[in-house]
Amino acid sequence: MVGQRAAEVAQMVIAEGTNAAMAGRAALDHGLTAQQVRVTYSLQDAVAALKNGAALADGDLVLVTGGPTARMELVSRELLHITADEAKLARAETLHEVSRRIQHLRPTWIEIDLDAVAANVRLLKGMVGDGVTLMGVVKANAYGHGAVSVAMTALLNGAEYLAVANMAEALELREAGIDAPILVLGYTPDYAIWQAIRQNITVTLYDLKLARDYDRAAREIGGKVGVHVKIDTGMGRLGILPDDAMAFFRHLPKLPHIEVEGIYTHFAMSDEISDFTEQQVQVFKGVINPVKAAGFQFKYIHCSNSAAMLAHQQHAFNMVRAGVAMYGLSPSDAVLIPKTFRPVMTWKTVVASVKTLPPSHTVGYGNTYTTRGEERIAVIPVGYSDGFRRKPNNWGEVLVHGRRAPIVGRVSMEKTTINVSNIPDVSIGDEVVLIGQQGNDRLTAEDIATKLGTNNYDVVCNALPRVPRR
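Take the sequence shown: its position 176, counting from 1, is numbered 175 in numbering that gives the first Met the number 0, and each next residue is one higher.
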C-alpha cells in the first residue's frame with residue numbers, strides 16, 4: 000500500500016533499508032520510473048540520493064518517515080535551510096541508546112555498518128582510479144554481511160560490476176531489483192544457461208566441453224550467453240591451462256552463441272610475500288598477448304583481488320575484484336588493510352544468566368571445566384549452531400562491560416558459558432560483544448581467526464544465516 004500510494008502522489012521515492020526497498024519496488028510496479036525511485040541501504044546513501052537526484056526547490060514538500068530506529072532526523076537535518084532549526088528535530092540519539100531499547104526476538108544478532116561499506120568502496124575506487132572498473136565481490140552472502148544490501152551500497156559508491164559464486168546468488172540479486180552486471184565466478188551447469196541469458200548474467204568459462212554445452216543451450220533458446228574466460232596461471236582449480244588457451248580461443252568462432260566479454264585469472268599467493276604472483280602475471284600476459292594478436296578482444300581483463308589491489312597495484316589491468324577489503328578486513332597478516340578502512344560487522348548477544356558457582360563445580364558438557372574457587376559464571380545464548388565455533392578451538396573470550404571474559408567449558412549448540420568473576424555488576428540482559436568494539440576494547444575478526452587457527456574470511460562467512468542481520 001505504501002508503494003502504491005507513493006506512486007500516486009510523489010514525484011520521487013527514496014527508500015532506505017530492506018522494508019522500505021519493498022515499498023520502492025511497489026512504487027515502480029505502480030507507475031514510477033527507475034529515475035524516480037532510489038533504493039538505498041544506508042542513511043548516507045539515502046541523503047546522497049536526496050541531494051543528487053531530487054532537484055529540490057523552495058516550496059517543495061518532502062515527507063520523511065521511518066521507524067524509531069531509522070534515524071530519519073539525520074535525513075531531515077540535510078534538508079534544513081537554517082541550521083539553527085536542527086534543535087526542532089526529534090532528539091538525535093546515539094545508536095547505542097537506540098539499540099538498548101530494541102527488543103530482539105533473537106537475542107543474538109549481527110549489526111552491519113553499511114556506511115562503512117560505502118566508505119571502504121570509495122577508498123578502493125580512489126585507489127584504482129576512473130580508468131579501472133571496480134567489481135564488488137558479494138559471494139557467500141557478501142562474506143556473511145548480507146548480499147543485497149552490500150551489493151546495492153557498493154554500486155552506489157563506486158562499484159560498477161558484481162561477482163558471485165553461483166547462479167543462485169546471482170538470481171537473488173536480480174530478484175531484489177539489482178540490474179548491474181553480474182559475473183558468476185564458479186561453475187554454472189548448462190541447464191542454468193537459460194537463466195543467465197534471461198537475467199543478463201555473465202558466467203565463467205574455463206573448459207571447451209562447457210563452451211560447447213553453453214553454446215548448445217543458448218542456441219536452443221535463441222540467445223547468446225556472455226562469458227569471462229578464466230585462465231589457470233597456477234591456482235590449479237578452475238581455468239584453462241596456458242598451453243591450451245590458443246587452441247581454445249581458435250575454436251570459439253565455431254560457437255556463435257557465446258559472447259566473450261572478459262578474460263581473467265586468480266592469484267594463489269597475492270596475500271603473502273612471494274614472487275609467485277609476479278610469475279602468474281607473466282603467465283597471464285603470455286596468454287593474453289598472442290590471443291589478442293590473433294584478433295580476439297576483451298572488454299575486461301582482470302586478475303587483482305583485494306590483496307593484489309593493496310600489494311600489487313601495478314597489475315590492475317582494467318578491472319579489479321574487491322572482496323574482503325570491502326568489508327574492512329585485511330587479506331592477511333602480510334598484507335594489512337590501511338587504517339582508513341572501517342570494519343563492517345559487529346556480532347552481539349546478551350547475558351542470559353549469571354550466578355556464583357562454588358569451588359570444584361563443573362561447567363558444561365563433558366565436565367571439561369571445574370571452578371577453582373567461587374566463580375561468577377554467565378551464560379550467553381549463542382553456540383555452534385550460530386557459527387560460534389566449538390572445535391578444535393573456540394573464540395577464547397568475549398567482551399562484557401568493555402572487558403574480556405574467557406569462555407569456560409564447551410561451547411554448546413546455542414549456549415556458551417563465560418567467566419565474569421573479574422567483571423563487576425554483570426546482570427541478565429547486559430550486552431556481550433563477540434566481534435567488534437565495546438568500551439575501549441575491540442575483538443577483531445583477525446583476533447578470532449588467530450584463536451581458531453584460520454583466517455578472517457572463515458570467521459565472518461561462518462556467522463550462519465540464522466543469526467539476524469541488522
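Virtual Cβ for every residue (Gly too), placed ideally from N, Cα, C. Because the structure is a prediction, the values reported are computed rather than measured.
Can you name, in chain order, every residue of its own chain whose Cβ lies under 6 Å from the Cβ of residue i, other than the five neighbours on each side?
i	result
ASN461	GLY386
VAL458	ALA444, ILE447 and ALA448
ASP214	LEU254, HIS256 and ILE257
ASN454	ALA448
LEU73	LEU42
PHE295	PHE248
GLY238	TYR205, LYS229, ILE230 and ASP231
ALA315	VAL127, VAL131 and SER303
GLY435	THR345
PRO241	VAL282 and VAL286
ALA19	none
I'd like the span of the alpha helix (DSSP H) that includes residue i, first residue to last.
i	result
LYS284	275-292
PRO241	241-250
ASN18	17-28
VAL149	146-155
ALA448	444-451
SER305	305-310
Would residue i be called buried (16 or more neighbouring beta carbons within 10 Å of its own) or exposed?
i	result
VAL313	Going by the sequence as given, residue 313 is Gln instead of Val. Under this definition GLN313 is an exposed residue.
ARG37	buried
HIS144	buried
SER426	exposed
THR264	buried
GLY438	exposed
ALA292	exposed
MET11	buried
GLU374	buried
GLU7	exposed
SER269	buried
THR355	exposed
GLU219	exposed
MET0	exposed
LYS390	exposed
MET344	buried
LEU55	exposed
ASP44	buried
THR32	exposed
GLU277	exposed
SER420	buried
MET151	buried
ARG388	buried
CA-CA distance, residue i and residue j?
i	j	result
LYS298	GLY225	12 Å
HIS227	ILE181	11 Å
THR415	PRO330	29 Å
ARG469	ASP112	9 Å
PHE248	ASN288	13 Å
GLY66	ALA14	13 Å
SER98	LEU62	In this prediction, SER98 scores a pLDDT of 49, lower than 50, which makes its location untrustworthy; the coordinate-derived value is nonetheless stated afterwards. Answer to the nearest angstrom: the Cα atoms are 25 Å apart.
ALA22	GLN35	13 Å
LEU170	ASP178	11 Å
ARG173	LYS229	24 Å
ALA47	ALA115	15 Å
PRO423	ALA377	12 Å
MET166	VAL410	35 Å
ALA310	GLY128	16 Å
VAL399	ASP440	10 Å
ALA9	MET412	49 Å
GLU110	LYS284	42 Å
PHE266	VAL353	49 Å
LEU59	SER148	Here residue 59 is Asp; the residue named in the question, Leu, does not match the sequence. Roughly 30 Å separates the two Cα atoms.
ILE196	VAL202	10 Å
What residue range does the beta strand (DSSP E) around residue i cover?
i	result
GLN3	No beta strand (DSSP E) holds GLN3; the alpha helix (DSSP H) holding it covers 1-8.
TYR40	Per DSSP, TYR40 belongs to no beta strand (DSSP E) and is neither H nor E.
GLU110	107-111
Going along the chain, which residues of its own chain have a beta-carbon closer than 7 Å to the beta-carbon of residue i, five neighbours each way excluded?
i	result
GLU96	A caution first: GLU96 carries a pLDDT of 49, below 50, which makes its placement in the model too unreliable to give a value.
THR339	LEU122
GLN3	ALA25 and HIS29
GLN281	none
ALA118	ARG341
SER359	THR369 and THR370
SER305	ALA321, GLY322, VAL323, ALA324 and PRO330
GLY408	VAL362, GLY363, THR367, TYR368 and THR416
GLY365	ARG409
Return the chain-ordered list of same chain residues with a C-beta closer than 8 Å to the C-beta of residue i, the five sequence neighbours on each side being excluded.
i	result
PRO405	GLY395, GLU396, ILE417 and ASN418
HIS250	LEU207 and ALA210
LEU463	SER384, ASP385 and GLY386
Nearest chain C C-beta to residue i closer than 8 Å, yes or no?
i	result
ILE192	The chain labelled as chain C is not found in the depicted structure, where only one protein chain is given.
Using 8 Å as the cut-off, can you tell me whether the stretch 417-431 makes contact with the stretch 373-393, which would need three or more C-beta pairs spanning the two stretches below that distance? yes
Does the stretch 128-145 touch the stretch 157-170, meaning 3 or more C-beta pairs lie closer than 8 Å? yes
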